[in-house]
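Mind the numbering: the sequence shown is residues 11 to 369 in the working numbering, read in order.
All residues carry an ideal CB built from backbone N, CA and C; glycine is no exception.
Down below is the structure, laid out as structure tokens.
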Amino acid sequence: MSAAIESREAYRAISLYAPKRAPCALDLSDNTNLWGMPPASAAALRSVTADVVTRYPAVYADELKEALAAYVGASPEMIVTGCGSDDVLDSAIRAFAEPGDRIVFPAPTFVMIPLMARMNGLEPIAIPLRGNLDIDAEAMIAARGRITYVCSPNNPTGTLASREAVERIIERSRGLVIIDEAYAEFAPESFVADACASGRVLLVRTMSKAFGLAGLRIGYAVGNTGIVAEVEKSRGPYKVNALAQRAALAALGEALPWVVERVGDALEARDRLSKSLSELEVFDVLPSSGNFVLAVVRKDSSLRASTLALGLANRGIAVRPFTDLPGIGDALRITVGPQEMMEQCLTALRQVIRAESAS
Ligand SMILES: *Cc1c(COP(=O)(O)O)cnc(C)c1O
11 MSAAIESREA YRAISLYAPK RAPCALDLSD NTNLWGMPPA SAAALRSVTA
61 DVVTRYPAVY ADELKEALAA YVGASPEMIV TGCGSDDVLD SAIRAFAEPG
111 DRIVFPAPTF VMIPLMARMN GLEPIAIPLR GNLDIDAEAM IAARGRITYV
161 CSPNNPTGTL ASREAVERII ERSRGLVIID EAYAEFAPES FVADACASGR
211 VLLVRTMSKA FGLAGLRIGY AVGNTGIVAE VEKSRGPYKV NALAQRAALA
261 ALGEALPWVV ERVGDALEAR DRLSKSLSEL EVFDVLPSSG NFVLAVVRKD
311 SSLRASTLAL GLANRGIAVR PFTDLPGIGD ALRITVGPQE MMEQCLTALR
361 QVIRAESAS
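So this is what it looks like as structure tokens:
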């Protein structure tokens, strides 16, 4: 008998990314665009001819970079794309940190970050958010990461990092500063100008959320040309496929007004959902700058996020439960969408709360 082949040491403690996904009638769990995909992107996909599929796509997606540059107000040399922003984040981590280095991030934040840290052999250092849910800039700087990650609006809290704290981190931390703005379109402010002006910031964005193209996997980042060139090397060629490039170009061109209108719909839906959730008197709803809300389960309600999510799942609705988030407690993250979806969710949630409170 031969010995089992061992994977790279850092991989042995890693399991696959698998938030439980039972089939459901209404999925409010992953913050995608519930209004659909941009009509011009659908048309672009329908018009694809064989040569688009049989040939390789543009190696580094130059035309897409130009469109993204115009969209964010940078030059194409300051843009790098990837197979989803997850790929851009992973490539940046690989390009700017060695195995054994530390990556510093707030807690709670995007669950993929500690996972990507381990995949790349880095030491994940989680720094709790402050009581007001801002990032703790001083503690993050003191942790001396080779990479410091900030997510604003933050997933799952929906809250913004303050400009003062982010600027302090850019000024004083060592190594690369990654700012994840997956939800930029829903937020009142962005750090894109800081990323363009600084030589050590990589600002990461995605077309999976506001742009409604999650299934096509298109992410990008903005930064100084030197940083972007290193991330592009790390990423490798052909990472954005030909169909994705076409749909993305349509979304950034002809369909941009459609996207902007849907963002407006999402902001209205967010306010309405936050208000309705508060009226249930079992949640404290955090002020959100994303297309989702975090409903924190009140400690005196004797309800748990997992049981509420299970009750909703039994009624065909998926939300994302969090158990014991540091400094926050149990919470449900709910994606905002068209009014009838929100009504369906609220009706089911009222039933679940009534059933749980009676039991
Ligand atoms: C959804 C999300 C992403 C991942 O986006 P993809 O481009 O689909 O990989 C990245 N960061 C945050 C904070 C997210 O919520």
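Quiz item: Mind checking ASP100: buried by the 16 CB within 10 Å criterion, or exposed?
Solution: Residue numbering aside, residue 100 sits at position 90 when the sequence shown is read from its first letter. So ASP100 counts as buried.
Exercise. Could you check if GLN349 is buried or exposed, using at least 16 other CB atoms within 10 Å of its CB as the buried criterion?
Key: Working through the sequence shown from its first residue, we reach residue 349 at position 339. With fewer than 16 Cβ atoms within 10 Å of its Cβ, GLN349 is classed as exposed.
Quiz item: Just curious, the alpha helix (DSSP H) that ASP294 is in, first and last residue?
Solution: The residue you call residue 294 lines up with position 284 of the sequence shown. Careful: ASP294 lies outside any alpha helix (DSSP H), inside the beta strand (DSSP E) at 293-295.
Quiz item: Taking contact to mean at least 3 C-beta pairs separated by less than 8 Å, is the segment 72-82 in contact with the segment 253-267?
Solution: yes
Practice problem: Please classify VAL3: is it buried, with 16 or more other beta-carbons within 10 angstroms of its beta-carbon, or exposed? | Solution: This structure does not reach residue 3, given that the chain is present from 11 up to 369, and the question cannot be answered.
Quiz item: Any heavy atom of ligand 2 within a distance shorter than 8 Å of the CB on VAL176?
Solution: As far as ligands go, the structure on display features ligand 1 and does not contain ligand 2.
Exercise. May I have a chain-ordered list of the alpha helix (DSSP H) segments no shorter than 4 residues that lie completely inside the segment 74-160?
Key: Complete alpha helix (DSSP H) runs here, min 4: 94-106, 122-129 and 147-152.
Exercise. Return the chain-ordered list of same chain residues with a C-beta closer than 6 Å to the C-beta of SER218, the five sequence neighbours on each side being excluded.
Key: Your numbering for residue 218 matches position 208 in the sequence shown. These residues qualify, in order along the chain: ALA224.
Exercise. Pull up the DSSP beta-bridge partners for LEU322, would you.
Key: As a first step, residue 322 must be located in the sequence shown, where it is residue number 312. According to DSSP, LEU322 bridges with nothing at all.
Quiz prompt | Host alpha helix (DSSP H) of ALA50 (start-end) | solution = Walking along the sequence shown from the start, residue 50 turns up at place 40. Element bounds for ALA50: 49-56.
Quiz item: How far does the beta strand (DSSP E) with ASP190 in it reach, from first residue to last?
Solution: Within the sequence shown, numbered from 1, the residue matching residue 190 stands at position 180. Looking at the DSSP string, the run of the beta strand (DSSP E) that includes ASP190 is 186-190.
Quiz item: Would you say ALA224 touches ligand 1, meaning its beta carbon is less than 8 Å from a heavy atom?
Solution: Against the sequence shown, residue 224 aligns to sequence position 214. Under cutoff, so the answer is yes.
Self-check item: Stretch pair the segment 317-324 + the segment 271-287: three plus CB contacts closer than 8 Å
Solution: no
Quiz item: How about MET126: is its Cβ closer than 8 Å to a heavy atom in ligand 1?
Solution: Here residue 126 is taken as the residue at index 116 of the sequence shown, counted from 1. No, the Cβ of MET126 stays beyond 8 Å of every heavy atom of ligand 1.
Quiz prompt | Own chain partners of GLN255 with C-beta closer than 6 Å, once the 5 adjacent residues on each side are dropped | solution = Position 245 of the sequence shown, counting from 1, holds the residue named residue 255. Cβ neighbours of GLN255 beyond the five flanking positions: PRO67, ALA71 and LEU74.
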